[in-house]
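Numbering (my numbering), first residue to last: 540 to 1159. Down below is the structure, laid out as structure tokens.
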């Protein structure tokens, strides 16, 4: 065949779906096809012929080329290159006295032409000197050790050579010599030193006014703190070993710079680095300034962790509870952390006539994932040097630490609008479904299976015995399930003077009224720490309670003991007689009357009435 094209490679852009790609040049064998996939990041991968997910197949059509079909479609952003890579061998053998092998001869010429084309493609991708250039040599004789960690350059005659040191990328730079001395003094002409033998622990650098070439760099170095709005991060200082880019250390310029005599002192904060430096090592220092701090939305405050109702401190803000979900008051100083007076503004954050006056958003300036949001639901109070804002927690994430820098932003709700006119009465709707039963006049609590003499827990009630009929003491928490304080009510259960039955306590399982326990309050109630102990006598019960059952606790007072000092008895004849303690009453048996007793201080009269009910009278 003839070689009618100089094309030896085809290039395509992947799209994530196309798998078949044509090559438009002849080959001798499919093994001389090379397929390279280049990622969007510039990583090149040589693919292999085969059936695996990273492989490809070839259908060759002769002189016109053929098709490479990828098993997996190249992704969008990738580049696929198909090129011919003819083997640099010569396989044609002519046999003496045989007829001239025209086809074999032509194949050999074709292969030679392919090889030449591929060499040309390599040359085309090489750096070349113009034909008119006067360069005398394109090679140099530096050994591998001499070339190590150096760059290719040109000497004073314009010929190729090696450059002694790398220049670090990014920012302005200067070359210095490293000194291991740590004293605060001029490190010497062209030198730099740090205030700690371990460079990662250094907080200051001392830089001579001249670099290693004798150039005055003092004005440049002293400009490292020119960024005024970002006091703790003026910029990045990088120190790189000249002949080894793998040795480097980076710092923040974290304070003001001092112009000393013949040298400059830099305030530093170490960031990161790798490798170590030895005395007299050549280094490059480079500097990239930080941007100025942007404006902070809202007011700039710092956080105080105290929870007292007091001025949190100049430029500080605090909450009345360390648990943000329980915060109900915010204490905010009359001035922000920049000293700007804010009191006249923050005192107006309750001005809206709406129930929700507005919203306060507090966020850590240095960590936006740490925040707290509240709604202003009450008054703003002007205290001495600070304002108190009544709030309700909305949402929060993480917690602030002492002195954290905060942005405090307020959004006001609009005032409550005027009441609109009454609309026309609509038609009567259909009767709705019967509502749920109303709540009982009882305490809503949770039953605890604990029998210990201790606080049963918030909103809980417990007994001193697992058998209901053996219970003699109730342990009642000072709060019910709604966190309402019930201690005063429970501690009044012994107020009745009836010594044996102050009242009746009924405990009923929520939703299962057939499960209950009824007790008499039989003694004095004791106020314990956080709970009340109620002495009882079991009356009746049914079923059993399980731990964490919801229960209703109902109490009804007994009547007080009656008293009697005397009474008058009138007989069927004769005068009336007054009976007092210590007197004797003699009663004769009669119709429907029976007597028990004798001539003692206590006489019982039993009377059968028409209903009939037993009546007992005790005389002291």
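Note that CB positions come from ideal geometry on N, CA and C, so glycine has one too.
Rounded Cβ spacing between residue i and residue j (contact assumed at less than 8 Å)
{"i": "residue 785", "j": "residue 811", "result": "Residue 785 to residue 811, Cβ: 13 Å. No contact."}
{"i": "residue 915", "j": "residue 928", "result": "6 Å"}
{"i": "residue 590", "j": "residue 563", "result": "Contact flag wrong, Cβ pair sits at about 25 Å."}
{"i": "residue 618", "j": "residue 550", "result": "6 Å"}
{"i": "residue 796", "j": "residue 763", "result": "6 Å"}
{"i": "residue 930", "j": "residue 1000", "result": "Incorrect: roughly 34 Å between the Cβ atoms, too far for contact."}
{"i": "residue 802", "j": "residue 748", "result": "6 Å"}
{"i": "residue 751", "j": "residue 716", "result": "6 Å"}
{"i": "residue 858", "j": "residue 943", "result": "No, residue 858 and residue 943 are not in contact; Cβ-Cβ is about 13 Å, not under 8 Å."}
{"i": "residue 693", "j": "residue 701", "result": "About 10 Å; that fails the 8 Å criterion."}
{"i": "residue 615", "j": "residue 554", "result": "5 Å"}
{"i": "residue 876", "j": "residue 840", "result": "5 Å"}
Own chain, CB closer than 7 Å to residue i, minus 5 neighbours either side, in chain order
{"i": "residue 573", "result": "585, 622, 624"}
{"i": "residue 981", "result": "1091, 1092, 1093"}
{"i": "residue 1059", "result": "1040, 1043, 1075, 1076, 1078"}
{"i": "residue 543", "result": "none"}
{"i": "residue 559", "result": "606, 608"}
{"i": "residue 1171", "result": "What the structure shows of the chain is the stretch from 540 to 1159, and residue 1171 is not part of that stretch, so it cannot be assessed."}
{"i": "residue 1019", "result": "982, 983, 984, 998, 1025"}
{"i": "residue 552", "result": "618"}
{"i": "residue 950", "result": "897, 898"}
{"i": "residue 893", "result": "952, 953, 954, 955"}
{"i": "residue 650", "result": "567, 625"}
{"i": "residue 978", "result": "The predicted model places residue 978 with a pLDDT of 46, which falls under 50 and marks its position as unreliable; any figure quoted below should be read in that light. Here the set comprises nothing."}
Residues of its chain near residue i, where Cβ-Cβ distance is below 8 Å and the 5 sequence neighbours each way are ignored
{"i": "residue 711", "result": "759, 825, 826"}
{"i": "residue 735", "result": "721, 741, 742"}
{"i": "residue 1087", "result": "985, 986, 987"}
{"i": "residue 923", "result": "850"}
{"i": "residue 1080", "result": "1007, 1008, 1055, 1056, 1057"}
{"i": "residue 895", "result": "914, 915, 916, 952"}
Under the three-state DSSP convention, the category residue i falls into
{"i": "residue 670", "result": "coil"}
{"i": "residue 1051", "result": "strand"}
{"i": "residue 587", "result": "strand"}
{"i": "residue 548", "result": "strand"}
{"i": "residue 686", "result": "helix"}
{"i": "residue 1041", "result": "coil"}
{"i": "residue 730", "result": "strand"}
{"i": "residue 1025", "result": "coil"}
{"i": "residue 845", "result": "coil"}
{"i": "residue 896", "result": "coil"}
{"i": "residue 756", "result": "coil"}
{"i": "residue 1035", "result": "coil"}
{"i": "residue 993", "result": "coil"}
{"i": "residue 874", "result": "strand"}
{"i": "residue 740", "result": "helix"}
{"i": "residue 1152", "result": "Annotation note: pLDDT 33 at residue 1152 (below 50); position unreliable, coordinate value reported separately. Reduced to three states, the DSSP call for residue 1152 is coil."}
{"i": "residue 885", "result": "helix"}
{"i": "residue 649", "result": "helix"}
{"i": "residue 909", "result": "strand"}
Other residues of its chain near residue i: CB distance less than 6 Å, five sequence neighbours each side excluded
{"i": "residue 653", "result": "625"}
{"i": "residue 662", "result": "none"}
{"i": "residue 844", "result": "941"}
{"i": "residue 816", "result": "717"}
{"i": "residue 818", "result": "719"}
{"i": "residue 1130", "result": "Reliability fails at residue 1130, whose pLDDT of 48 lies under 50, so the model's placement of it is uncertain and no value is given."}
| query | In the segment 1056-1096, which residue ranges form an unbroken beta strand (DSSP E) of at least 3 residues, counting only runs that do not cross its ends? | reply | 1070-1081, 1089-1096
| task | Starting from the N-terminal side, write out each stretch of the beta strand (DSSP E) that is 3 residues or longer and does not extend beyond the segment 928-981. | result | 944-951
| Are the segment 1056-1072 and the segment 948-962 touching by the rule of at least three beta carbon pairs closer than 8 Å? | no
| Residue ranges of each alpha helix (DSSP H) run of no fewer than 4 residues wholly in the segment 772-829, ordered along the chain? | none
| Hey, which unbroken runs of the beta strand (DSSP E) at 3 residues or more fall wholly within the segment 573-631? | 583-585, 594-599, 605-609, 618-623
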